[in-house]
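**Q**
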Amino acid sequence: MDHDADSHDTIRIRGARTNNLKGIDVDIPKRRLTVITGLSGSGKSSLAFDTIAAESRRLLNETYSAFIQGFMPSSPRPDVETIEGLTASIVVGQEPMATNPRSTVGTATDVNTYLRMLFSRLAEPRLGSPLAYSFNTPSVTAQGAITVHKGDQKRQVASYQVTGGMCPVCEGRGSVSDVDISAIIDENLSLNEGAITVPGYKAGGWSVRYYAESGFVDPDKKLKDYSDEERADLLYREATKISLAGINVTYEGLVPKITASFLRKDKASMQPHIRAFVDRAVTFRDCGACGGTRLAEHARTSTIGGMSIADVCAMTVSDARTWIGSIPTAGQLGDLLGSIERIGLGYLTLDRPTGTLSGGEAQRITMVKHLGSPLTDVTYVFDEPTVGLHPHDIAQMNGLLEALRDRGNTVLVVEHKRETIEIADHVIELGPGAGHAGGEITYVGDVAGLAASDTTTGRHIAEQTSLKAAVRTPTGVIPVRDARVHNLKGVDVDIPLGVLTVVTGVAGSGKSSLMRSLPPIPGLVRVDQGRIRGSRRSNPATYTGLLDHIRKAFAKANGVKPALFSPNSEGACQNCRGLAVTFIDLSMESIPVPCEVCGGERFQEHVLDLRLHGSSIADVFRMSVGEAEEFCARAGLKAGGAILRRLNDVGLSYLTLGQPLSTLSGGERQRLKLAHRMVDDGGVYVLDEPTAGLHLADIRALLALLDSMVDSGRSVIVIEHHQAVMAHADWIIDLGPGAGADGGEVVYTGPPAELAARRHTTTGEYLARYTGTSP
62 MDHDADSHDT IRIRGARTNN LKGIDVDIPK RRLTVITGLS GSGKSSLAFD
112 TIAAESRRLL NETYSAFIQG FMPSSPRPDV ETIEGLTASI VVGQEPMATN
162 PRSTVGTATD VNTYLRMLFS RLAEPRLGSP LAYSFNTPSV TAQGAITVHK
212 GDQKRQVASY QVTGGMCPVC EGRGSVSDVD ISAIIDENLS LNEGAITVPG
262 YKAGGWSVRY YAESGFVDPD KKLKDYSDEE RADLLYREAT KISLAGINVT
312 YEGLVPKITA SFLRKDKASM QPHIRAFVDR AVTFRDCGAC GGTRLAEHAR
362 TSTIGGMSIA DVCAMTVSDA RTWIGSIPTA GQLGDLLGSI ERIGLGYLTL
412 DRPTGTLSGG EAQRITMVKH LGSPLTDVTY VFDEPTVGLH PHDIAQMNGL
462 LEALRDRGNT VLVVEHKRET IEIADHVIEL GPGAGHAGGE ITYVGDVAGL
512 AASDTTTGRH IAEQTSLKAA VRTPTGVIPV RDARVHNLKG VDVDIPLGVL
562 TVVTGVAGSG KSSLMRSLPP IPGLVRVDQG RIRGSRRSNP ATYTGLLDHI
612 RKAFAKANGV KPALFSPNSE GACQNCRGLA VTFIDLSMES IPVPCEVCGG
662 ERFQEHVLDL RLHGSSIADV FRMSVGEAEE FCARAGLKAG GAILRRLNDV
712 GLSYLTLGQP LSTLSGGERQ RLKLAHRMVD DGGVYVLDEP TAGLHLADIR
762 ALLALLDSMV DSGRSVIVIE HHQAVMAHAD WIIDLGPGAG ADGGEVVYTG
812 PPAELAARRH TTTGEYLARY TGTSP
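In terms of our numbering, the sequence shown has 99 at position 38, counting the first letter as 1, and numbering is strictly consecutive.
1. Grouping DSSP H, G and I as helix and E and B as strand, with all else coil, what is Met178?
2. What residues are listed by DSSP as bridge partners for Ser200?
3. Could you give the DSSP three-state label for Glu650: helix, strand or coil?
4. Where does Pro137 land, buried or exposed, given buried means 16+ other C-beta within 10 angstroms?
5. Nearest-angstrom Cα distance between Val218 and Gly399?
6. Measure the alpha-carbon distance for His69 versus Arg93 and round it to whole angstroms.
7. To the nearest angstrom, how far is it from the Cα of Arg820 to the Cα of Thr258?
8. Looking only at DSSP bridge pairs, what is Pro557 linked to?
9. For Val541, which residues in the same chain have their Cβ closer than 8 Å to its Cβ, ignoring the five residues on either side in sequence?
10. Within the 7 Å Cβ cut-off, does Leu192 reach chain C?
11. What is the rounded straight-line gap between the Cα of Leu473 and the Cα of Tyr441?
12. Measure the Cβ-Cβ separation of Ala485 and Val777 and say whether it is below 7 Å.
13. Taking the straight line between their C-alpha atoms, what separation do you get for Lys699 and Ala762?
14. Helix, strand or coil for Arg78, going by three-state DSSP, please let me know.
15. With which residues is Trp792 paired in a DSSP beta bridge?
16. Is Phe345 near the ligand NAP, judged by its Cβ being under 6 Å from some heavy atom?
17. Can you tell which of Phe110, Pro139, Leu607, Ile370 has its C-alpha closest to the C-alpha of Leu192?
18. Could you check where the beta strand (DSSP E) with Phe345 kicks off and where it finishes?
19. Taking just the CA atoms, how far does Gly76 sit from Asp438?
20. One question on the structure: do Thr481 and Pro493 come within less than 7 Å of each other, judged by their Cβ atoms?
21. With Gly399 as the anchor, note down where its beta strand (DSSP E) starts and where it stops.
22. What number of angstroms, rounded off, separates the C-alpha of Thr98 from the C-alpha of Met428?
23. In whole angstroms, what is the alpha-carbon distance linking Leu748 and Ser573?
24. For Gly367 and Thr174, what's the separation of their Cα atoms in angstroms?
25. Reducing DSSP to helix, strand and coil, say where Ile303 ends up.
26. Once DSSP output is grouped into helix, strand and coil, what is the label at Gly99?
27. Do you know how far the Cα of Ile780 is from the Cα of Arg587?
28. Mind the definition here: the stretch 702–722 touches the stretch 599–612 only if three or more C-beta pairs lie below 8 Å; say whether that holds.
29. Report the residue ranges of all beta strand (DSSP E) runs contained in full by the stretch 429–488; include only those spanning at least 3 residues, in chain order.
30. Check each candidate in Arg830, Leu722, Pro389 and name the one with the smallest Cα separation from Leu183.
31. Would you kindly report the start and end of the unbroken alpha helix (DSSP H) that includes Glu826?
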């Protein structure tokens, strides 16, 4: 075979063994759209990201000089015999956006950068530097000079002044906060009795000693008896250098300290108990100085045709594109706004904080720069680009993927949705199962051949999903009245209790906003798309609490302390500290390698000799969820078995108990969180797209879990786009009719069969097609 000629049109992979791949051989046509599908955990990501994209990135890095490579992350070669025909790859994954209070749609997409340059050239009065329009740059003037040197002579050729555009009152955040003093202190207690009620401030702890031993206040006096001076020192004193326990520290009052610790962080990234405290103790209002625009006066009064940069940022993407169209020199900015609009996000305002975006919106924001790229002969690797998309929006996404291919690029898409699989030029299915039971090629070919095959995906893509024959009767309602969060237009709706409710609608129609408008409900449990918190030591066993049950059983069987069986305690290998790996620092990156002392077993040798039903604690960490469920049954661990059954119910039977959470996909992390939260004593569960990352076969198992929750007396509300979930619902709330300003209304409430039969909304039309419902 002429390998050179073949590699021009094909990516040839031989002997791929990355993660669970079992030495697979596969050819992928270049400049075509290939969908890689299969059950969750079957090896799709291992092939697309950890083999193809990883090797492309490694080979590209090797083209740089040794000096440059010394400053770049060093990656090991994937476990594959040969890969031929690779081109430079660009990965568009599901990593969440880095949100902070200063991040907006405009800053995240670089639209603000172009706007600042535009205003610096054309606005009047002229401010000069683009930074003068930046709410992230302090509005103080920096001065300097530019000089040139010639021999011993130097000559000043220019001077400059830079003034940022940040509002000096709110420091570019757009809002100011008021702290409710009664929510942070108990006047009837002294500091030593626990008068500070802020999370993390415990009597005797360092945070309280900081105040109690400062010398400014009496730690044993009740706060209600403080003098005005003591009260001011405790709550408001400005930064002052003091010596505390022999250490020089900067003392400041409780209110500015809370402001620095909590209020300058994005609420979406806070732990739930911290977010609850902030909601209780702090009120936010638009900054009176800048009117919420974040900008200093000079930036607000410099205009183009009467429009300030703040006015433009308050526009939707679509409206901003129309305005930009009237400015001949703003072509590149117009193209960028057009890319955002084509990806279905034209309804977002440019000043919308990124922390308020839904998961699907956030992912598409990160995709903008790639989907508008003019590059050709590049390999684009997408990780479920349809996550968070309504079927109507999936059609738009498919058009963008096809456009990338038509420009001469190789497009690889890891995907489960039928709508995207159906547009593929080439399909690769992995399986037949997940984890150890997957990692094999079960189908390669076109879509017609897949539909005719007897593979898991083939059977599901060809079958017709039926509407629910009989729906449950609600036991009550949650009334939502005059909801106006974001684009909601005074929505009044009753959300039924005791049933499975699906809240749906096109992206940006107001689904997440409606769920944020729910009144306070006892027993409300939210399972959102936020990341699971934890260190590199966190894994499914520790996160779910399963390890506690296993440690106690090992300790009881061997007559020793439970701490011996924790990789974070005294039984851990002393070399790797229970991590199973050690880290070699190479340039700017730490590379993990198996621990040379314990061989990756995590524990000291004498601990590994202790057994429970023939298995060591290291053996348990290597077990999959399914294997561990059998182990717990043999060991009589009922509580542990219940945890594992929940993991199995959400489609995670293939995960190993010791797998670091950092290696899980976005969908896997969310389902792990869902399984963990099932133990909460909640009566109403709100789930945000629990089908993310799930194959249709796995969705069946998830629906069975949701049914069991409802049948046990709980109410389940699901924000979803997947028609299989809609078809299974007892009640649907459809928002729309469009997105952004064109949405925010309830366009249908009722059972799914009626919605499909009437076909009077966008959702109803797509649900009817999916279920084969006649008009």
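Cβ coordinates follow ideal geometry from the N, Cα and C atoms, glycine included.
**A** Checking against the coordinates, here is how it stands:
1. Three-state result, Met178: helix.
2. DSSP lists no partner for Ser200.
3. Caution is warranted here: a pLDDT of 46 is assigned to Glu650, below 50, making its placement in the model unreliable, and the coordinate value is therefore given only provisionally. Reduced to three states, the DSSP call for Glu650 is strand.
4. Answer is exposed; the Cβ neighbour count stays below 16.
5. For Val218, the predicted structure reports a pLDDT of 49, less than 50, and the residue's modelled location is therefore unreliable. A value from the coordinates is still provided. Computed Cα separation, rounded: 41 Å.
6. Answer to the nearest angstrom: the Cα atoms are 13 Å apart.
7. Their backbone Cα atoms lie some 54 Å apart in a straight line.
8. Residue pairing by DSSP puts Pro557 in a beta bridge opposite Val538.
9. Val552, Asp553, Val554, Asp555, Ile556, Leu575, Ser578, Leu579, Pro580.
10. The structure shown contains no chain C, having only a single protein chain.
11. Each residue's alpha carbon lies about 6 Å from the other.
12. Contact flag unset, no.
13. If I take the Cα positions, the gap works out to 22 Å.
14. The answer is coil: DSSP assigns Arg78 none of H, G, I, E or B.
15. DSSP, once it has assigned bridges, lists Thr562 as partnering Trp792.
16. Although the ligand NAP was asked about, the structure shown includes no ligands whatsoever.
17. Looking from the CA of Leu192, the closest CA among Phe110, Pro139, Leu607, Ile370 belongs to Ile370.
18. Where Phe345 is concerned, the enclosing beta strand (DSSP E) stretches over 343–347.
19. Cα to Cα, the separation comes out at about 25 Å.
20. No, the Cβ-Cβ distance between Thr481 and Pro493 is not below 7 Å.
21. Segment 392–401 is the alpha helix (DSSP H) holding Gly399; no beta strand (DSSP E) there.
22. Inter-residue distance for Thr98 and Met428 is about 21 Å (C-alpha atoms, whole angstroms).
23. C-alpha of Leu748 to C-alpha of Ser573: approximately 10 Å in a straight line.
24. The alpha-carbon atoms of Gly367 and Thr174 are separated by roughly 20 Å.
25. The answer is strand: DSSP assigns Ile303 an E or B state.
26. When secondary structure is reduced to three states using DSSP, Gly99 falls in the strand class.
27. Cα-Cα distance, rounded: 11 Å.
28. Judged by Cβ distances under 8 Å, the stretch 702–722 makes contact with the stretch 599–612, as three or more pairs qualify.
29. Runs of the beta strand (DSSP E) lying entirely within the stretch 429–488, each at least 3 residues long, are 440–444, 471–475 in chain order.
30. Closest option to Leu183, Cα to Cα, is Pro389.
31. Counting along the chain, Glu826 sits inside the alpha helix (DSSP H) bounded by residues 823–832.
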